[in-house]
Structures are given as C-alpha cells and as structure tokens.
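In what follows, a single structure is set out as structure tokens and then discussed.
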Amino acid sequence: MSPVTSFRKARDLLAAAVCPVSAERLPLADCSGRILAEALVAASDVPPFDRSPFDGYVLRASDSAAASQENPVSLHILEEIPASCVPRYPITEGTASKILTGAPIPEGADAVIPFEKTTFTEKRVTLFAPLKPGTNIVRTGEDIRRGTLLADCGQRIDAGVMGCLAGQNVEAPLVFRRPRVGILSTGSELVELGHDLAPGKIRDTNRYSMAAAVARLGAEPVLFPSVTDQAERIAEVMVQALQQCDALITTGGVSVGDYDLTPAALETIGAEILFRKVDLKPGMACAYGLRKGKMICGLSGNPASSITNFYAVALPAFRRLCGLRDYETHEFPVILADRFGKRSPSNRLLRGFMELGDGTVRMRLSTGQGNAMISGLIGCNIAALIPAGSDAIEAGTVLQGFLLNR
Ligand code: AMP
Ligand code: MG
9 MSPVTSFRKA RDLLAAAVCP VSAERLPLAD CSGRILAEAL VAASDVPPFD
59 RSPFDGYVLR ASDSAAASQE NPVSLHILEE IPASCVPRYP ITEGTASKIL
109 TGAPIPEGAD AVIPFEKTTF TEKRVTLFAP LKPGTNIVRT GEDIRRGTLL
159 ADCGQRIDAG VMGCLAGQNV EAPLVFRRPR VGILSTGSEL VELGHDLAPG
209 KIRDTNRYSM AAAVARLGAE PVLFPSVTDQ AERIAEVMVQ ALQQCDALIT
259 TGGVSVGDYD LTPAALETIG AEILFRKVDL KPGMACAYGL RKGKMICGLS
309 GNPASSITNF YAVALPAFRR LCGLRDYETH EFPVILADRF GKRSPSNRLL
359 RGFMELGDGT VRMRLSTGQG NAMISGLIGC NIAALIPAGS DAIEAGTVLQ
409 GFLLNR
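Sequence positions in the sequence shown follow the working numbering and run 9 to 414.
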C-alpha cells in the first residue's frame, strides 16, 4: 500500500520540484497575459513634462491673489496651447494662455483654472477667486518616477503592466515562454471525438477538461491521442510527450486494479515517483513523478477526481512552471452557503461558486460533487476543504477555501 501524503505537503513538494520555463522576447502587442521574465524599472518619468489636466487658462497664481466675485481679476491672453504643442511665450505678470488638456505648462506659470470657473473673450480671461500655486498642474514624473520598480519578474502582464511597458518604450519585453503541457488519456474504453460509441465505450472528457484547465493558466496544452491500458504503450507515448513538452498530465490507471498501469509506465521510463496517494477526496489516488526535471502528473480517470487533484495539488507547480512569482495557493476562510449532508471520513474538497456580498466570501455548492461527474464542474471557481472526520456540514460553517481560476 502506498503511503498517504498530505495534499498540502504534496502540493509544496511538487512546486519546489519544478523551475520556470525559459524566456523569449515578444513584440509588446503580443504580450498581454504573458508573464514578465525581467523586472520593469522605469527609465523615464511619466508624464515627461509638467502638463495641464483640463481645458482652461494657465497663469501665475500670484496674479489671482486678489480675485473675488466683487473684484474679479482680468488677464491678457497670450496664445492658445493645444496638446502636442510647445508654448511660445512665458507667462508674465498680468498674462495667461489658453491651455488644453495634456498640453505643456509654459515657463513662469504655476496654476491652471478650468474654463467653467472663468469668463473669457478671445483677448481676456476673468477670474473670480484666488488660486494656490501648483493648482491643477500635473507634475513631471507624477505618475511614474524614473528608477521606480514598476513590475517584477514573474508578474502577469495585465492592462497596467502593458501600459507601463509602452510608457517606457519597451518594444519587446522578455517574457516566459508558454510551457507546453502534454495531455494524455489512458483507458481502453475511451473513444475519440467524432467516433461512434460502441457498447462499453465512453467519451474521453478528461483530455479536454484538463486542456482547458492548463490553458487557463496561460500554458499551451498539447493533446495526444488516447492510449489503451497497456503499460509499454503508455510508457512509449509518455517518452514521446516528454520530448516535446515541459510537463505531462495523464489520466486513468492510477489505482491498484489490474488495469491501473500508469505507475508501472512511470517506472518503465525511469521516472522518480514523488507520491501516489494524497489525503483528499475526490482525487486520492494519483501517481506524480519527475523525469529529467519534468513533472508528470498521473491523475485518476474519474473526471472530477482528476480535476480536483489538479487544482489541489498541481496548480502551484504549474503556476511556477509558467514563471509566476506568486505561485502558491492562498487559502482563506469561506462560508458554506448550502448544507452538505454527507459525512466526510477523509478530507473532502467541495467545489462551488463564489458569492461576494455583505463583506464575506460565501461558497454556493455545485450540485454535482461526485467524483465521476464532469457536469458538476461547470462554472466552479472556488473549492473548500471539509476536514477528515466531519459530520454533515451545516450552511454557515466556515471552511478553508481557495480560488480555482487564479
Ligand atoms: P481509472 O482511473 O482508469 O480507474 O478510471 C476511473 C473512471 O474514469 C472509469 O469509469 C473510467 O472509465 C473513467 N475514465 C477514465 N478515463 C477517462 C477519460 N479520459 N474521460 C472520461 N472518463 C474517463
Ligand atoms: Mg482505467
């Protein structure tokens, strides 16, 4: 009998065993969603010059000091400064210039007043209240100061990072390659898409659900045709897949039945077996291994068991493989929104839907919690753990949970 490994220990062991894939330079436009493989330190200030945040008039605050409703101050307009233009005239005592949003502040000026707060003609602008020096001036480097660390190696390129890369004129950032993850279903009962189901046969759903889970992380799933329950054949395809891919996920054949041949295949190919059983249901039986530094995740054939085990055990390792700096699973308290009526002799991972409201995180249960059910995974985005030895769990109970789509 294989020893049972704590799923958290298994998860950490696996994540520690993998390294991020290599990096490549890509045109910036192709980088959204990719993971930075170098730190982004600002080489220049943003904005690059003092500018106006409004359409209005730019002036010397000291000229407005005496302005009031009763005693308005009127200034002579020197010019109009649209965005992209350089001011021609410095602002001197008694003068102002019309300025548009994004245009550079002329020399001598230290305040901008929006149109709405003035009255004006083509030649003169009138103020009715004093302005403090610095009012409505966006300073050079106010958004980004040269030398600031904007994003670290291992950060996913979101809208903010993308904008900052562009702002720093990074034409081709260094990003981690999308790891290629082989996906191989084993089982003599499996039928390929488009073929008729002969009696006793079933559709291979795992290959596609695992592909979706892997793609969601930003990795590239590489799908191999399914293999019948023959250890040598499984071993052969495993070797092929490992030659082409950075990691491999197999499903089926990890229990201890006569046709459970994945562990034997792992031995045949010389993989070091990391663990074969975790303290979690669904997904207790598994066969994780390493070969030449590449991880092989041998998961159960039961659709919910394989995906549950993947989320609970393998997710951080895959996140690390992708290059993510923050790869670990963060657990947090989740309030169970529904009653769960069964006892849980072993740790049980429930799947469901996160509801955020009244300042709490609640989990509504998916109706399909069985280990052979794929339909119960539709739309699930959160999991929560019932500790071993628990009775039925009442609605309102606080469990430890984690996000599936991180
Ligand atoms: P196994 O892990 O090989 O013992 O399979 C457990 C159950 O999952 C059996 O009912 C299999 O028929 C089913 N199964 C195995 N592989 C797949 C697959 N790729 N897609 C859907 N069901 C599967
Ligand atoms: Mg089988």
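For each residue, glycine too, the CB sits at the ideal point set by N, CA and C.
Review point. Can you tell me the Cα-Cα spacing of Ala312 and Asn379, whole angstroms?
Key: 5 Å
Point to revise | Limits of the unbroken alpha helix (DSSP H) element including Gln252 | key: 239-252
Practice item. Check whether the Cβ of Gly309 lies closer than 7 Å to any heavy atom of the ligand MG, and answer yes or no. Key: yes
Review point. Can you round the beta-carbon distance between Thr259 and Ile242 to whole angstroms, since I take them to be within the 8 Å contact cut?
Key: Not confirmed; about 11 Å, so no contact.
Check your understanding: In the structure shown, what three-state DSSP assignment does Ser14 receive?
Key -> coil
Check your understanding: Does the Cβ of Ala391 have 16 or more other Cβ atoms within 10 Å, making it buried, or fewer, making it exposed?
Key -> buried
**Study point:** Of the listed residues Leu357, Asp366, Gly367, Gly365, nearest to Pro373 (C-alpha basis)
**Key:** According to the sequence shown, residue 373 is Leu rather than Pro. Per the Cα distances, Leu357.
Check your understanding: Where does Phe416 land, buried or exposed, given buried means 16+ other C-beta within 10 angstroms?
Key -> The structure shown does not extend to residue 416, since the chain is modelled only from 9 through 414, so no value can be given for it.
Exercise for review: Quick one: grab the DSSP three-state call for Tyr65.
Suggested key: strand
Review point. So the alpha helix (DSSP H) Glu275 belongs to, where does it begin and stop?
Key: 270-276
Practice item. Determine, using beta-carbon pairs with one atom in the region 314-332 and one in the region 129-148, whether at least three such pairs fall under 8 Å. Key: no
Check your understanding: So what does DSSP say about Arg356, is it helix, strand or coil?
Key -> strand
Review point. With 16 other CB atoms within 10 Å as the buried threshold, where does Gln251 fall?
Key: exposed
Exercise for review: Return helix, strand or coil for Leu139, following the three-state DSSP convention.
Suggested key: coil
Review point. From what residue to what residue does the beta strand (DSSP E) around Tyr296 run?
Key: 293-299
Exercise for review: Can you tell me which of the three DSSP states Ser383 falls into?
Suggested key: helix
Point to revise | Neighbourhood of Glu46 by C-beta, 6 Å cutoff - its chain only, sequence neighbours within 5 removed | key: Cys161, Leu182
Check your understanding: Counting only beta-carbon atoms, is Leu182 nearer than 8 Å to chain C?
Key -> Going by chain labels, chain C is absent from the structure shown, which holds only one protein chain.
Practice item. Measure the C-alpha to C-alpha separation of Asp268 and Leu256 and round it to an integer number of angstroms. Key: 18 Å
Review point. Three-state secondary structure (DSSP) at Ile315?
Key: helix
Check your understanding: In the structure shown, what three-state DSSP assignment does Phe428 receive?
Key -> For residue 428 there is no data in the structure shown, the boundaries of the chain being 9 and 414.
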